[in-house]
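Per numbering that gives the first Met the number 0, numbering through the sequence shown is continuous, rising by one, with the last residue being 478. For every residue, glycine included, the Cβ atom is placed at its ideal position computed from N, Cα and C. Because the structure is a prediction, the values reported are computed rather than measured.
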Amino acid sequence: MSFEYAPAPESRAVVSIKPKYGHFIGGKFVAGSKHFPTINPATEEVLSQVALAGKAEVDAAVKAARKAYTATWSKMSGKERGKYLYRIARIMQERAREFAVLETLDNGKPIRESRDTDIPLAAAHFFYHAGWADKLEYAGLGTSPKPLGVAGQIIPWNFPLLMLAWKVAPALAAGNTVVLKPAESTPLTALLFAEVCQQAELPAGVVNILTGDGSTGALIVNHPGIDKIAFTGSTEVGKIIARAVAPTKKSVTLELGGKAANIVFDDAPIDETVEGIVNGIFFNQGHVCCAGSRLLLQENVAEEVLHKLKSRMEKIRVGDPMDKNTDVGAINSKEQLGKIIELAAAGDAEGAERWSPACELPGKGFWFAPTIFTGVTQAHRIAREEIFGPVLSVLTFRTPQEAIEKANNTPFGLSAGIWSEKGSRTLWASQQLRAGVIWANTFNKFDPTSPFGGYKESGWGREGGRHGLSAYLKGVSHE
Ligand code: NAI
Ligand code: MG
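Put into structure tokens, the structure is as follows:
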């Protein structure tokens, strides 16, 4: 028996979006010169006009950050810095609903995910790092660890507030000040975070937020007044940044793309595995660098897994991100939708078989039905390139060794999943896999205490945990 869900829309009354925003520099909002729109990708409604920072604004923000670093933040005791971080974390919790609604409107992700994952995890990062601020000398990173100075931080659109938290919390805990640039399609929660910094009475200039596009990002990367660059985004831009900072003294961490293998051995508990596969690739519309986008099935269970996966996918609810029952929301931008359509078409052209459940997509906005491709070989583009959308490529293997070879046959190495009932097999496989994060019998689990980062073209350095802290301190090995 099936039954219809009644609409369960979250109210947007809790947020108040200004028609126009400036930059947050030296503790104040300052008017921008040029502006560009940010839209709701589920409806194409223009939400606001945000400012595009150029050279003058980047100079002003770096200057404010340097002043705050020298005069205030680097002189303050860890205990005092920790108090500000706790205060920020608590305000984020108090305003969690506001953040969740704003994130969903600006990004297109389901309210269930922004409410239950993005915002609580963002607050957790501030709580966790608040705890480290006065204990840095006990972190095993030297007896008197010192901050790097001013950090330039550039973040993507897939987890806007969460990526801000991954960057800002460890930087501040370690005693650095920051100039952060959110992605052009999702700037609004970073601007709300600027209000939280004011509300927490964070000393002026410790956090500066500039909105803008890649040109603003490049100005930050190349600014001589910056000591460290932290970037999350495409491998392509990551390589540009690596080249730009190579001849300088800047430290750098890069969190780039992925093409994770999710490996299902024939002794895996099938029903739980199917849930994990769905979560691995359809969470956040597949806009996840560590998404389980390559499913590797052991041949003798492939048919059963695919059958159960398809019946599970029939029940996925795609549509209004503000509806509390929605599982898959809107694709973040027209450009990203174009990329997904292009790569899926390459899957068709190269001979893979496409399948999607019956689902009605809204007429306005950017949408892509959850899709799986079977009959995928390692040579196919959809097995090699990051699609960054709700598209799963299914491959098969006969022996565990073959699974490992296929899993590692990628320029990336961010994450992997292993499904098996045998602990010995899981441990063996996890030692063979060249991936920074490996989940066993689960997927997409995140925690501030756990380091996250990749091998090969997936990036440099780690974020989270003690390892992440080390990337904001002087003279500490970053790998
Ligand atoms: P992108 O790498 O261009 O954008 C990420 C951030 O970098 C944004 O804030 C952007 O303004 C900034 N940026 C762009 N060019 C820059 C430059 N030259 N110097 C400094 N900063 C710069 O990613 P985009 O175009 O939004 O997405 C393209 C593809 O990248 C996606 O299809 C996906 O495959 C991948 N991607 C991966 C992410 C991850 O979490 N690993 C996040 C976002 C995208
Ligand atoms: Mg937007």
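Is residue 208 helix, strand or coil when you go by DSSP?
Along the sequence shown, read from residue 1 onward, the residue named residue 208 stands at position 209. Here residue 208 sits in strand by DSSP.
Exercise for review: Could you tell me which residues DSSP pairs with residue 227 in its beta bridges?
Suggested key: What you label residue 227 is simply residue 228 of the sequence shown in a count that begins at 1. Paired residues: 150 and 250.
Among 420, 99 and 418, which has the Cα closest to the Cα of residue 111?
Taking the first residue of the sequence shown as position 1, residue 111 is located at position 112. Closest option to residue 111, Cα to Cα, is 99.
Notebook entry, point to check: So is the beta-carbon of residue 226 under 6 angstroms away from any non-hydrogen atom of ligand 2?
Noted result: Translated into positions along the sequence shown, residue 226 becomes position 227. Not one heavy atom of ligand 2 sits closer than 6 angstroms to the Cβ of residue 226.
Would residue 365 be called buried (16 or more neighbouring beta carbons within 10 Å of its own) or exposed? Along the sequence shown, read from residue 1 onward, the residue named residue 365 stands at position 366. By the neighbour-count rule (16 or more Cβ atoms within 10 Å), residue 365 is buried.
Note down, in chain order, each residue of its chain lying with its Cβ closer than 8 angstroms to the Cβ of residue 307, except the 5 sequence neighbours on either side. What you label residue 307 is simply residue 308 of the sequence shown in a count that begins at 1. So the list reads 269, 270 and 273, once near-sequence residues are dropped.
**Q.** Minimum C-alpha distance to residue 261 - residue among 123, 347 and 432
**A.** One-based indexing of the sequence shown puts residue 261 at position 262. Out of 123, 347 and 432, 432 has the C-alpha closest to the C-alpha of residue 261.
Which residues in the same chain have their Cβ closer than 6 angstroms to the Cβ of residue 463, if we skip the five residues on either side of it in sequence?
-> As a working mapping, residue 463 is identified with position 464 in the sequence shown. In its chain, beyond the 5 residues on either side, 447, 449, 450 and 451 have a beta carbon closer than 6 angstroms to the beta carbon of residue 463.
Where the beta strand (DSSP E) containing residue 39 begins and where it ends = Position 40 of the sequence shown, counting from 1, holds the residue named residue 39. Per DSSP, residue 39 belongs to the beta strand (DSSP E) from 33-39.
- Message: I need the straight-line Cα distance from residue 48 to residue 401, nearest angstrom please.
- Response: Translated into positions along the sequence shown, residue 48 becomes position 49. Translated into positions along the sequence shown, residue 401 becomes position 402. The straight-line gap from Cα to Cα measures roughly 52 angstroms.
Review point. In terms of residues, what are the limits of the beta strand (DSSP E) holding residue 77?
Key: Taking the first residue of the sequence shown as position 1, residue 77 is located at position 78. Run containing residue 77: none in the beta strand (DSSP E); it sits in the alpha helix (DSSP H), 77-93.
Q: Work out the CA separation of residue 50 and residue 210 for me, nearest whole Å.
A: For the purposes of this step, residue 210 is identified with residue 211 of the sequence shown, where counting begins at 1. For the purposes of this step, residue 50 is identified with residue 51 of the sequence shown, where counting begins at 1. Cα to Cα, the separation comes out at about 6 angstroms.
_residue 395 (DSSP reduced to helix, strand or coil)_ = Here residue 395 is taken as the residue at index 396 of the sequence shown, counted from 1. In the three-state reduction of the DSSP assignment, residue 395 falls in the strand class, which pools E and B.
*Would you give the residue range spanned by the beta strand (DSSP E) that residue 179 belongs to?*
Here residue 179 refers to the residue found at position 180 when the sequence shown is read from its first residue. Here the beta strand (DSSP E) through residue 179 covers 176-180.
Q.
Here's the rule I'm using: 16 or more other beta-carbon atoms within 10 Å means buried, otherwise exposed. How should residue 376 be labelled?
A. By 1-based counting over the sequence shown, the position of residue 376 is 377. Here residue 376 is exposed: its Cβ has fewer than 16 other Cβ atoms, across all protein chains shown, within 10 Å.
Quiz item: When DSSP builds the beta bridges, which residues end up paired with residue 437?
Solution: By one-based count along the sequence shown, residue 437 stands at place 438. DSSP, once it has assigned bridges, lists 415 as partnering residue 437.
If you measure from the CB of residue 38, is any heavy atom of ligand 2 nearer than 6 angstroms? Locating residue 38 in the sequence shown gives position 39, where the first residue counts as 1. Because some heavy atom of ligand 2 lies under 6 angstroms away, the Cβ of residue 38 counts as near it: yes.
| said: So, with DSSP's three-state summary, where would you put residue 484? | reply: Examination of residue 484 is not possible in this model, given that the chain is present from 0 through 478 alone.
Q. Using the C-alpha atoms, what's the distance from residue 428 back to residue 420?
A. Position 421 of the sequence shown, counted from the start, is the residue given in the question as residue 420. Position 429 of the sequence shown, counted from the start, is the residue given in the question as residue 428. Distance between the alpha carbons of residue 420 and residue 428: 13 angstroms.
Exercise for the section: Less than 8 angstroms between the CB atoms is what I'm expecting for residue 14 and residue 101, so what's the real figure, rounded? Expected result: Your numbering for residue 14 matches position 15 in the sequence shown. Your numbering for residue 101 matches position 102 in the sequence shown. Sure, about 5 angstroms apart at Cβ, within 8 angstroms.
Which same chain residues end up closer than 8 angstroms to residue 57 when comparing Cβ atoms and leaving out the 5 residues on each side of it in sequence? Taking the sequence shown and counting its residues from 1, the one referred to as residue 57 is at position 58. Residues of the same chain with a CB within less than 8 angstroms of the CB of residue 57, apart from the 5 flanking positions on each side, are 178, 209, 215, 218, 219 and 222 in chain order.
- request: Count the other CB atoms, across all protein chains shown, that sit within 10 Å of the CB of residue 184; report buried if there are 16 or more and exposed otherwise.
  value: Counting from one through the sequence shown, the residue named residue 184 turns up at place 185. Answer is buried; the Cβ neighbour count reaches 16.
Residues sharing a beta bridge with residue 371, DSSP: On the sequence shown, residue 371 is found 372 positions in, with the first residue counted as 1. For residue 371, DSSP records a beta bridge to 354 and 391.
Along the beta strand (DSSP E) that carries residue 293, what are the first and last residues, could you check? Here residue 293 is taken as the residue at index 294 of the sequence shown, counted from 1. 293-297 is the extent of the beta strand (DSSP E) around residue 293.
- With a threshold of 16 other CB atoms inside 10 Å of the CB of residue 302, please say whether the residue is buried or exposed. As a first step, residue 302 is located in the sequence shown; it is residue number 303 there, counting from the start. Label assigned to residue 302: exposed.
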